[in-house]
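> Numbering (my numbering), first residue to last: 643 to 1084.
The structure follows.
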């Protein structure tokens, strides 16, 4: 095995620079540590085809600038470190294949509490970047409990000094952070978890049951095991074949039982497994109706995963997307999604001209930003196209100008200030007419 997983899109001619869009997949798992602490293992994976490489003397080199931060629950900085990962390929020794990747782990052990973990990754050549930020609680150590479940593409023995961050007792577990598998390429996947008890003097004793269910809640695979251990931490792992699984989304659940009560679980963990599509059973219309609510809020990495799924997988993905973005999971409704649905409906009612309102420029900005705090409507300016200015002040001043080139109410975004996700037309000022007052942008 190589110390780095390096993959490059098949190349026939090597220019001095190879350009690609940065795209990174993340996953985070919690495991018990000494002194009642919790170890967080953040895996990140980037495909070589999404990196920019410089070429010199048949050596390809890419560099990732990584900044890792930890904040406490109050947002106070607890840890901040920046480092560089160099990805290098010698074309004299290495073949170049599509879909190869670089993968690594960031490992941090913290005392009990709630923490915000932030990882920013920037391609040093292209300057493309991505920010991953999540809030987590440490593991509950008040009783026998279970760690998170780590999902890997495979596991195998390896006594070399490589892949130390992915090794457990000389076994390499190659984590698959997006949990996406292709039966034509992957024979199966490996799950790994740990059972623990904070009382090192107590015997670790109980049982666990694993079930893998499809979207119809049918059990596709199951396994159970009883255990007794004098160690405060006991690890379990197994490989599950996927060659016979249909394309779609599967739920893997592990229930943990104490010896005293083998019927009522004391803890459980769930993970979602995506099997790449073979055929669609959910209509395209059903998918688009749900997709329109999330499209303007997905990251590039989430969008790439979404596009790789079949319609059933997309629907499950969108369901989990909103679950992950629920501001108050204790309530039955997702207040955030309800607000976005309201905005989409408003956009369809008010901005539908040549297409659905949610697809229009005004619809996109309204869905992303909400109702503008100030509107300047210049529908009848002399020697100028009709235009509208939207202003937002909360969270930093943002300005948008829309121009109606056809005079039919189909306004196009031509100018934006302080929004990195939108772009201005370089000729926007020519559309505003000779009497445009730039003070309107103040």
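Just so you know, even glycine gets a beta-carbon here, dropped at the ideal spot from N, CA and C.
Just so it is clear, the structure is predicted and the values come from calculations on it, not from any experiment.
1. Leaving out the 5 sequence neighbours to the left and right, which residues in its chain are closer than 8 angstroms to residue 754 when beta-carbon positions are compared?
2. Under a three-way DSSP split, which group does residue 830 fall into?
3. If you draw a straight line from the alpha carbon of residue 998 to that of residue 1054, how long is it in whole angstroms?
4. Where do the N-terminal and C-terminal ends of the alpha helix (DSSP H) with residue 989 fall, by residue?
5. Determine the contact status of residue 818 and residue 747, defining contact as a CB-CB distance below 8 angstroms.
6. What are the start and end residues of the alpha helix (DSSP H) that includes residue 950?
7. DSSP puts residue 787 in a beta bridge; with which residues?
8. Counting only the same chain and skipping the five closest in sequence on each side, list residues whose C-beta sits under 7 angstroms from that of residue 972.
9. Give the secondary structure of residue 728 by DSSP, where H, G and I count as helix, E and B as strand, and everything else as coil.
10. Can you find at least 3 beta carbon pairs, one from the segment 906-916 and one from the segment 862-880, that sit closer than 8 angstroms?
11. Is the distance from the Cβ of residue 672 to the Cβ of residue 778 below 8 angstroms?
12. For a test of the three-state rule: what should DSSP assign to residue 1081, helix, strand or coil?
13. Let me know the secondary structure DSSP gives residue 780 once reduced to three states.
14. Give the secondary structure of residue 955 by DSSP, where H, G and I count as helix, E and B as strand, and everything else as coil.
15. Taking the C-alpha atoms as reference points, what is the distance between residue 858 and residue 893?
16. Looking at C-beta atoms only, is the number of pairs between the segment 823-835 and the segment 929-941 that lie closer than 8 angstroms three or more?
17. Quick one: what's residue 698 bridged to in DSSP?
18. Quick check on this structure: which residue in 875, 863, 931 has the alpha carbon closest to the alpha carbon of residue 896?
19. When the Cα atoms are used, what is the spatial distance from residue 686 to residue 1059?
20. I need the straight-line Cα distance from residue 1039 to residue 982, nearest angstrom please.
21. Could you work out which residue in 796, 795, 810 is closest to residue 802 when comparing CA atoms only?
22. Confirm, please, whether the CB-CB distance from residue 763 to residue 708 is below 8 angstroms.
23. Drop a sphere of 10 angstroms on the beta-carbon of residue 852, count the other beta-carbons inside from all chains shown, and report buried for 16 or more, exposed for fewer.
24. Do residue 701 and residue 730 have their C-beta atoms closer together than 8 angstroms?
25. Would you tell me roughly how many angstroms separate the C-alpha atoms of residue 1010 and residue 1020, rounded to the nearest one?
26. Go to residue 910, then tell me how far its alpha helix (DSSP H) extends in each direction, as first and last residue.
27. Please identify the residue among 1078, 1032, 991 whose C-alpha is closest to the C-alpha of residue 1026.
28. Which ranges does the alpha helix (DSSP H) cover as unbroken runs of at least 4 residues, wholly within the segment 997-1037, from first to last along the chain?
29. Between which residues of its own chain and residue 992 is the CB-CB distance below 7 angstroms, once the five residues before and five after are set aside?
30. Tell me the DSSP bridge mates of residue 1128?
31. If residue 683 and residue 749 are in contact, beta carbons under 8 angstroms, what's the gap, nearest whole angstrom?
32. Can you give me the Cβ contacts of residue 705 inside the same chain, cut-off strictly under 8 angstroms, excluding the 5 residues immediately before and after it?
33. Measure the C-alpha to C-alpha separation of residue 800 and residue 835 and round it to an integer number of angstroms.
34. When you compare each of 1030, 947, 795 to residue 884 by their alpha carbons, which one comes out closest?
35. Cα separation between residue 668 and residue 1015?
36. Going by the beta-carbon positions, is the gap between residue 772 and residue 666 smaller than 8 angstroms?
On the basis of the supplied data:
1. For residue 754, where only same-chain residues beyond five positions count, the Cβ hits under 8 angstroms are 678, 679, 680, 780, 783.
2. The answer is strand: DSSP assigns residue 830 an E or B state.
3. Going by the C-alpha atoms only, they are around 14 angstroms apart.
4. If you look at residue 989, you'll find it in the alpha helix (DSSP H) that goes 977-992.
5. No, Cβ-Cβ distance for residue 818 and residue 747 is not below 8 angstroms.
6. That run of the alpha helix (DSSP H) goes 942-950.
7. According to DSSP, residue pairing for residue 787 in a beta bridge involves 838.
8. There are no such residues.
9. In this structure, residue 728 counts as strand in the three-state DSSP scheme.
10. Taking a contact to require three or more Cβ pairs closer than 8 angstroms, the segment 906-916 and the segment 862-880 do not qualify as touching.
11. Between residue 672 and residue 778, the gap from beta carbon to beta carbon is short of 8 angstroms.
12. Collapsing the DSSP output to three states places residue 1081 in a helix.
13. Coil, per DSSP.
14. Helix.
15. If I take the Cα positions, the gap works out to 10 angstroms.
16. By the C-beta criterion, the segment 823-835 is judged not to be in contact with the segment 929-941, since fewer than 3 inter-stretch pairs fall below 8 angstroms.
17. Residue 698 is bridged to 701.
18. Among 875, 863, 931, the Cα nearest to that of residue 896 is on 863.
19. Our two residues, residue 686 and residue 1059, have alpha carbons roughly 32 angstroms apart in a direct line.
20. Distance between the alpha carbons of residue 1039 and residue 982 is about 21 angstroms.
21. Nearest option by C-alpha distance: 810.
22. Against a cut-off of 8 angstroms, the Cβ pair of residue 763 and residue 708 comes out as a contact.
23. Sixteen is the threshold: when 16 or more other Cβ atoms of the shown chains lie within 10 Å of the Cβ of residue 852, as they do, the residue is buried.
24. Going by C-beta atoms, residue 701 is nearer than 8 angstroms to residue 730.
25. The alpha-carbon atoms of residue 1010 and residue 1020 are separated by roughly 23 angstroms.
26. In the DSSP annotation of this structure, residue 910 is not part of any alpha helix (DSSP H); the continuous beta strand (DSSP E) holding it starts and ends at 909-917.
27. Closest option to residue 1026, judged by alpha-carbon separation, among 1078, 1032, 991: 1078.
28. DSSP runs (the alpha helix (DSSP H)) wholly in the segment 997-1037: 1003-1011.
29. For residue 992, where only same-chain residues beyond five positions count, the Cβ hits under 7 angstroms are 999.
30. Since the displayed the chain opens at 643 and closes at 1084, residue 1128 lies outside it and no answer follows.
31. Cβ atoms of residue 683 and residue 749 come within 8 angstroms of each other, at about 5 angstroms.
32. In the same chain as residue 705, and ignoring 5 residues on each side of it, the C-beta atoms closer than 8 angstroms to its own belong to 726, 727, 728, 729, 765, 766, 767, in chain order.
33. Distance between the alpha carbons of residue 800 and residue 835: 19 angstroms.
34. Minimum Cα distance to residue 884 is reached at 795.
35. So the two alpha carbons sit approximately 36 angstroms from each other.
36. Pairing residue 772 with residue 666 gives a Cβ-Cβ distance under 8 angstroms.
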